[in-house]
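K.L.:
Plus 157 on top of the position in the sequence shown (first one is 1) and you've got the working numbering.
Note that the Cβ used here is the ideal one computed from N, Cα and C, for glycine as well.
Sharing a structure, written as structure tokens. Questions coming.
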Amino acid sequence: MAKKTARASHGTPAVVALEKAGVTHSLHPYEHDPSSDLSYGMEAAEAIGVDAPQVFKTLLADVDGKLVVGIVPVDRQLDLKALARAAGGKKAAMAEPAAAERATGYVVGGISPLGQKTRHTTVLDESAEAFDVVYVSGGRRGLDVGLAPADLLTLTGGTTAPIARV
158 MAKKTARASH
168 GTPAVVALEK
178 AGVTHSLHPY
188 EHDPSSDLSY
198 GMEAAEAIGV
208 DAPQVFKTLL
218 ADVDGKLVVG
228 IVPVDRQLDL
238 KALARAAGGK
248 KAAMAEPAAA
258 ERATGYVVGG
268 ISPLGQKTRH
278 TTVLDESAEA
288 FDVVYVSGGR
298 RGLDVGLAPA
308 DLLTLTGGTT
318 APIARV
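Right, dumping it as structure tokens:
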């Protein structure tokens with residue numbers, strides 16, 4: 158029975174985690190175009206019809222030897238120094254894609270902050286607080302989920318900080 162529920166929910170650990178927690182959310186599937194010149198996040202924003210500052214990408218960085226999740230608007234970049242400070246570290250570098258995939262259980266372009274294999278320190282850019290709903294990857298390319306920023310923070314154990322830059 159659980160498998161049927163998971164399939165009905167698009168079968169990703171992120172969506173299953175939302176449903177299990179009873180969090181109000183919306184699903185936004187779209188057809189991912191591998192030939193698109195847009196980044197995964199900008200493609201998602203365009204496909205679901207939401208302004209880019211309200212759609213967030215999930216990035217992993219190595220902060221002093223530990224993986225840390227940074228969630229920033231798709232039209233911005235992750236400020237590694239700010240992420241290191243927010244995570245209580247000194248130095249940060251982007252994680253290798255293969256390491257990010259192993260640590261989260263998701264593929265690049267579909268990494269969700271929700272339902273990851275291992276819970277990591279998570280920092281959400283403070284700009285998310287300006288919205289009632291933010292959109293993040295639902296755990297695969299071609300699926301975003303909308304939820305309240307407070308719920309995202311609760312489910313990830315995350316904090317907010319100014320970690321995005323133009």
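1) Keeping to the same chain, check which residues put their C-beta closer than 6 Å to that of Ala171; ignore five residues upstream and five downstream.
2) Which residue comes first and which comes last in the alpha helix (DSSP H) that contains Arg233?
3) One question on the structure: do Ala260 and Leu217 come within less than 8 Å of each other, judged by their Cβ atoms?
4) Determine the DSSP secondary structure at Asp308, reduced to helix, strand or coil.
5) Is the segment 177-191 touching the segment 237-244 in the sense that three or more CB pairs, one from each, lie closer than 8 Å?
6) Using 8 Å for Cβ pairs, my map puts His277 next to Val226. What's the rounded Cβ distance?
7) Quick one: what's got a C-beta closer than 6 Å to Val231's C-beta in the same chain, skipping five residues either side?
8) With respect to the alpha helix (DSSP H) encompassing Tyr197, which residues constitute its N-terminal and C-terminal limits?
9) Tell me the rounded alpha-carbon separation between Pro306 and Ala204.
10) Rounded to whole angstroms, what is the Cα-Cα separation between Thr279 and Asp301?
11) DSSP three-state label for Pro319, please.
12) Using the Cα positions of Glu286 and Lys247, report the straight-line distance between them to the nearest angstrom.
13) Excluding five sequence neighbours on each side, which residues of the same chain lie with their C-beta closer than 6 Å to the C-beta of Ala250?
P.N.:
Reading off the structure:
1) Ser269, Leu271, Gly272, Gly295, Gly296
2) Where Arg233 is concerned, there is no enclosing alpha helix (DSSP H), given that its DSSP letter is neither H nor E.
3) yes
4) helix
5) no
6) 5 Å
7) Gly198, Met199, Ala202, Ala209, Val212, Lys214
8) 197-205
9) 21 Å
10) 18 Å
11) coil
12) 26 Å
13) Asp219
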